[in-house]
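One structure is given here, and the rest of the page talks about it.
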Amino acid sequence: MSLLSTLSTSLTGLNAAQRALGVTANNVANANTEGYSRKQVGQSTLTVEGVGQGVRTEETVRIVDEYLAVEVRKQLGLQGSSAVVAELADEIQGRVFGSPGEADRGLSAKFADLAAALEAAAATPESTAAARSLVGELDDMLRQLDGDRLTVQKLRGDVDRRIGATIGGINADIEALDALNAQFVRGLPTAELLDQRDAVLDRLASAIEITVQQKDDQSIAVYTAGGVPLLEQSPSKLIYQPAASVSAATTFGAVRVFGERQLDPETGRPKAGEVGVELVSRGVRAQLTPELSADATPDADQQIVSSLASGRLHGLLQVRDTELPGLDDQLGELASMLRYNLNKAHNAGLPVPLPTDAVGGRTGLDSFDVAAGGGQATGTARVALFDQDGAVVADVALDLATFATPEALAAHLDTQLGASGSAVIDANDRLVITAGLDGGGRPLRLAFAEGDSAITVTDDAGRTRDFGFAHYFGLNDLVVETGSGALAVRADVAADPARLSRTRLDGPAGLPVTGGAGDNRGLLAVADSLSTATATIDRGGIAGRVVDVAGYLADIVATQAASAAQAENRADADRALGDELGQRRSAVSGVNLDEELSRLIVYQRAYSVSARVMTVTNELLEELVNIGR
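Using our numbering, you'd call the opening residue of the sequence shown number 154 and step up by one each time.
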């Protein structure tokens with residue numbers, strides 16, 4: 154090898170060491186940079202016609218484990234889903250059931266107050282203050298129940314808006330990946346670009362489950378786990394419009410994926426006639442209730458079906474379409490139990506003084522026809538009229554098995570009451586019983602008793618319940634449904650607590666009697682109704698069984714607490730595995746300052762030695778030149 158060749162060889166050594174020092178310095182500078190992968194300069198022997206002529210430096214490469222990177226992205230998807238579910242489960246606990254330190258807040262506290270007020274009113278039936286307190290506590294309980302159900306829907310609205318924001322973030326990440334693809338295609342140095350791309354892919358994977366395919370030119374194609382393209386030659390776009398307002402009946406729009414050619418370049422919205430690929434179907438909820446399954450709308454138009462299995466978007470959809478509707482179902486079942494039990498007891502009693510009329514709270518009496526036609530309207534109820542002195546004016550026995558329709562029952566009762574009263578099915582399809590006047594023009598008083606009457610009704614949810622005569626028609630309901638669908642204390646009872654049921658009608662046929670102001674049988678029955686077991690149906694993960702109101706409320710609280718704990722445990726487990734995978738990736742790709750320092754010393758020595766070789770070679774060349782002088 155000539156001296157000139159030696160000089161050239163040492164120069165390649167200097168250049169290689171200099172470049173390696175630069176890469177090492179960059180590694181050290183980015184030791185704490187999130188997402189930075191350790192870089193390394195590859196080296197190979199430079200040969201000319203089989204003779205070594207120094208060293209060649211290759212392109213700077215990242216030190217990464219691609220298989221581990223794929224596993225990390227999969228785990229990020231699971232973490233994204235479980236973390237958002239746990240976060241929202243905790244929020245549900247706080248906003249619906251109250252924090253652990255708020256003992257006086259939530260349904261359980263309101264129920265305890267109601268039970269105490271009922272006991273106090275039953276113990277002192279003549280006390281106006283106790284009656285007013287009872288009405289107030291019942292109103293608070295119903296308001297809390299309605300407020301909790303409204304809170305559930307508000308939470309669904311919040312989650313729905315987060316779904317929209319998450320989809321916006323997904324679209325932004327797809328655009329960022331497309332821009333990076335363009336740089337790869339142009340042949341720019343790839344090491345730092347790959348770090349940038351991995352950071353975007355990690356962010357995207359935490360939002361939606363993806364698979365990635367790398368092309369020969371280092372660009373990538375991205376698909377959902379179900380194979381829907383998010384990025385190929387051009388970026389796709391997810392389109393979703395959050396609902397303006399949310400209720401239990403809200404139909405949410407579909408999440409669709411549209412290719413670049415399917416979108417209007419000016420608006421970014423789909424062109425007319427383009428339908429895209431459905432990622433999540435439109436609908437009301439993920440699991441249909443018996444009521445929705447039984448209505449006239451096809452199930453396919455109501456059931457939300459998602460192809461997603463992980464990612465933050467999946468978690469948000471799970472909470473919006475499954476978890477929160479399930480909680481609303483449970484609260485609805487509690488409301489149904491409370492209304493049924495309280496009204497059953499209240500209709501079996503009467504206020505003191507007795508009323509002059511009774512207007513049924515039930516509208517739409519087709520279920521009576523069904524029950525009568527199936528032999529499920531049985532037993533005998535009783536209607537009586539008294540004058541102001543308590544003398545019996547009328548005493549009518551109603552054998553329900555003898556009436557095919559409500560109109561037939563009303564007509565028979567109207568005939569039996571004669572001039573002393575009337576009974577009719579009014580224009581609103583309600584049974585209205587009115588007491589007439591006595592000979593002196595004073596109003597008569599109305600009383601009724603359930604006896605052993607039973608009208609069996611199966612509602613749209615599949616509940617089969619027995620109603621007594623007064624209970625079925627709602628002649629003395631305590632809890633009614635408002636126009637907005639909420640439950641409330643009947644308006645006249647709320648205005649005048651003296652209209653609470655206190656006494657009962659009993660006595661042999663022809664000699665009906667009622668108690669006076671001190672009679673507490675009606676209030677005792679209402680108090681006992683809270684501990685009366687009732688059959689429930691499957692709702693939101695709580696299996697149907699025979700249980701009292703207190704027991705079902707405890708089931709709701711326990712189920713939601715268990716769900717929140719399970720969500721937190723799953724999130725912790727996913728986070729722990731994610732941290733472990735992250736540490737393993739960091740062990741491969743992260744910067745170890747001790748290792749970089751040792752490399753720095755090696756490259757420094759290599760640089761110094763190459764420089765020394767150049768110096769010696771230069772001296773030899775000078776001596777060679779001087780020989781010829």
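Using N, Cα and C, we set each Cβ at its ideal position, and we do this for glycine too.
Practice prompt. Sort out for me which residues DSSP pairs Arg758 with in a bridge.
Written response: Residue numbering aside, residue 758 sits at position 605 when the sequence shown is read from its first letter. Arg758 pairs with nothing; no bridge assigned.
Worksheet entry | Burial state of Asp630, where buried means 16 or more other Cβ atoms lie within 10 Å | Numbered from its first residue, the sequence shown carries residue 630 at position 477. Asp630 comes out buried.
Discussion item. Here's the rule I'm using: 16 or more other beta-carbon atoms within 10 Å means buried, otherwise exposed. How should Gln719 be labelled?
Written reply: Working through the sequence shown from its first residue, we reach residue 719 at position 566. It is exposed - the Cβ of Gln719 has fewer than 16 other Cβ atoms within 10 Å.
Item to complete: Starting from the Cα of Asp243, find the closest Cα among Glu476, Asp292, Thr177 and Val353 and give me that residue.
Response: Position 90 of the sequence shown, counted from the first residue, corresponds to residue 243. Considering only alpha carbons, the answer is Glu476.
Worksheet item: Name the DSSP bridge partner or partners of Glu431?
Response: Taking the sequence shown and counting its residues from 1, one reaches residue 431 at position 278. According to DSSP, which records beta bridges pairwise, Glu431 is partnered with Arg409.
Worksheet item: Between which two residues does the beta strand (DSSP E) containing Leu156 stretch?
Response: Numbered from 1 along the sequence shown, position 3 holds the residue referred to as residue 156. Here Leu156 belongs to no beta strand (DSSP E); instead the alpha helix (DSSP H) covers Leu156 to Ala182.
Worksheet item: Using CA coordinates, which residue listed in Pro665, Leu658, Ser684 and Leu664 is at the minimum distance from Asp672?
Response: Locating residue 672 in the sequence shown gives position 519, where the first residue counts as 1. Asp672 has its Cα closest to that of Leu658, out of Pro665, Leu658, Ser684 and Leu664.
Worksheet item: Do the segment 707-719 and the segment 266-277 meet, that is, are 3 or more Cβ pairs less than 8 Å apart?
Response: no
Item to complete: Give me whichever residues DSSP pairs with Arg438 in a beta bridge.
Response: Here residue 438 is taken as the residue at index 285 of the sequence shown, counted from 1. DSSP output for Arg438 lists Gln456 as bridge partner(s).
Discussion item. Less than 8 Å between C-beta atoms, sequence neighbours within five positions excluded: which residues of the same chain meet that for Asp510?
Written reply: Numbered from its first residue, the sequence shown carries residue 510 at position 357. Closer than 8 Å at Cβ, skipping near neighbours: Val585, Ile586, Thr587, Ala588 and Leu599.
Fill in: Length of the line joining the Cα atoms of Val545 and Pro559
Taking the first residue of the sequence shown as position 1, residue 545 is located at position 392. Taking the first residue of the sequence shown as position 1, residue 559 is located at position 406. Distance between the alpha carbons of Val545 and Pro559: 26 Å.
Worksheet item: Going by DSSP, which residues form a beta bridge with Ala600?
Response: Stepping through the sequence shown from its first residue, residue 600 is reached at position 447. Answer is Ala537.
Fill in: Gly675 and Thr687 closer than 9 Å at C-beta
One-based indexing of the sequence shown puts residue 675 at position 522. One-based indexing of the sequence shown puts residue 687 at position 534. For Gly675 and Thr687, no; Cβs fall outside 9 Å.
Worksheet item: Helix, strand or coil: which one does DSSP assign to Ser520?
Response: To locate residue 520, count along the sequence shown from 1; it is residue 367. Of the three classes helix, strand and coil, the one that applies to Ser520 here is helix, per DSSP.
Worksheet item: Apart from the five residues on each side of it in sequence, which residues of its chain come closer than 6 Å, Cβ to Cβ, to Ala352?
Response: Locating residue 352 in the sequence shown gives position 199, counting from the first residue. Excluding sequence neighbours, Ala352 sits near Gly188.
Worksheet item: In its own chain, which residues sit with a C-beta less than 6 Å from the C-beta of Val437, not counting the 5 before and 5 after it?
Response: Numbered from its first residue, the sequence shown carries residue 437 at position 284. Counting only Cβ-Cβ distances below 6 Å, and skipping sequence neighbours, we find Thr404 and Gln455.
Discussion item. Pull the bridge partners of Phe556 from the DSSP assignment, please.
Written reply: By 1-based counting over the sequence shown, the position of residue 556 is 403. Its beta-bridge partners do not exist; DSSP assigns none.
Worksheet item: If we call anything under 9 Å between Cβ atoms a contact, is Glu603 one with Phe626?
Response: Locating residue 603 in the sequence shown gives position 450, counting from the first residue. Locating residue 626 in the sequence shown gives position 473, counting from the first residue. No, they are not a contact pair.
Practice prompt. Kindly identify the DSSP beta-bridge partner or partners of Asp548.
Written response: Here residue 548 refers to the residue found at position 395 of the sequence shown. Bridge partners of Asp548: Ala537.
Item to complete: Could you tell me which residues DSSP pairs with Val633 in its beta bridges?
Response: To locate residue 633, count along the sequence shown from 1; it is residue 480. Note: Val633 sits in a beta bridge opposite Ala641.
Item to complete: Measure from the alpha carbon of Asp787 to the alpha carbon of each residue in Asp612, Gln193 and Gln394, then state which is nearest.
Response: Residue 787 cannot be examined here, being either before or after the span of the chain that is shown, 154 to 782.
Worksheet item: With 16 as the cutoff for other CB atoms within 10 Å, does Gln394 come out buried or exposed?
Response: Sequence index remark: in the sequence shown, residue 394 carries index 241 (1-based). Classification for Gln394: exposed.
Discussion item. Can you check which of these residues, Thr304, Val632, Phe411 and Leu241, is closest to Leu470 by C-alpha distance?
Written reply: Indexing the sequence shown from 1 puts residue 470 at position 317. The shortest Cα separation from Leu470 among Thr304, Val632, Phe411 and Leu241 belongs to Leu241.
Discussion item. So Thr177 and Leu753 are supposed to be a Cβ contact under 8 Å. How far apart are they, rounded?
Written reply: Translated into positions along the sequence shown, residue 177 becomes position 24. Translated into positions along the sequence shown, residue 753 becomes position 600. Yes, Thr177 and Leu753 are in contact; Cβ-Cβ is about 5 Å, under 8 Å.
Worksheet item: Whose C-beta lies closer than 7 Å to the C-beta of Thr689 among residues of the same chain, with five residues either side of it excluded?
Response: In the sequence shown, the residue the question calls residue 689 occupies position 536. Cβ within range, chain order: Glu486, Met490, Gly697, Arg698, Val700 and Tyr705.
Discussion item. My parser needs the beta strand (DSSP E) runs of 3 or more residues fully inside the segment 189-262; what are they?
Written reply: 192-201 and 204-215
Worksheet item: Between Ala236 and Asp313, is the Cβ-Cβ spacing less than 9 Å?
Response: Locating residue 236 in the sequence shown gives position 83, counting from the first residue. Locating residue 313 in the sequence shown gives position 160, counting from the first residue. No, Cβ-Cβ distance for Ala236 and Asp313 is not below 9 Å.
Worksheet item: Are the beta-carbon atoms belonging to Arg302 and Leu484 less than 9 Å from one another?
Response: Reading the sequence shown from its first residue, position 149 is the one you call residue 302. Reading the sequence shown from its first residue, position 331 is the one you call residue 484. Yes. Within cutoff.
Discussion item. Could you check whether the Cβ of Ser575 sits closer than 9 Å to any Cβ belonging to chain D?
Written reply: Checking the listed chains, one finds no chain D in this structure; it contains a single protein chain.
Fill in: Proximity of Gly514 and Arg583 at Cβ, strictly below 9 Å
As a position in the sequence shown, residue 514 is number 361, starting the count at 1. As a position in the sequence shown, residue 583 is number 430, starting the count at 1. Yes. Within cutoff.
Item to complete: Compare the beta carbon distance of Leu683 and Leu495 with 9 Å and say whether it is the shorter of the two.
Response: Working through the sequence shown from its first residue, we reach residue 683 at position 530. Working through the sequence shown from its first residue, we reach residue 495 at position 342. Yes; because the gap between Cβ atoms is below 9 Å, this pair is in contact.
Discussion item. I need the straight-line Cα distance from Thr200 to Arg209, nearest angstrom please.
Written reply: If you number the sequence shown from 1, residue 200 lands on position 47. If you number the sequence shown from 1, residue 209 lands on position 56. One C-alpha to the other measures close to 9 Å.
Worksheet item: CB-CB under 8 Å to Leu167, same chain, minus the five flanking residues each way: which ones, in chain order?
Response: In the sequence shown, the residue the question calls residue 167 occupies position 14. The answer, listed in chain order, is Tyr760, Ser763, Ala764 and Met767.
Worksheet item: Which residue or residues does DSSP assign as beta-bridge partners of Ser678?
Response: Here residue 678 is taken as the residue at index 525 of the sequence shown, counted from 1. The identity of residue 678 in the sequence shown is Ala, whereas the question assumes Ser. BP columns for Ala678 are empty, so no partner.
Discussion item. With distance defined between alpha-carbon atoms, name the residue in Leu730, Leu677 and Ser398 nearest to Ala273.
Written reply: For this step, residue 273 is matched to residue 120 along the sequence shown. Selected option, being the one with the closest Cα: Leu677.
Worksheet entry | C-beta atoms of Ala344 and Val214 nearer than 9 Å | The residue given as residue 344 occupies position 191 in the sequence shown. The residue given as residue 214 occupies position 61 in the sequence shown. In contact: Ala344 and Val214 (Cβ atoms closer than 9 Å).
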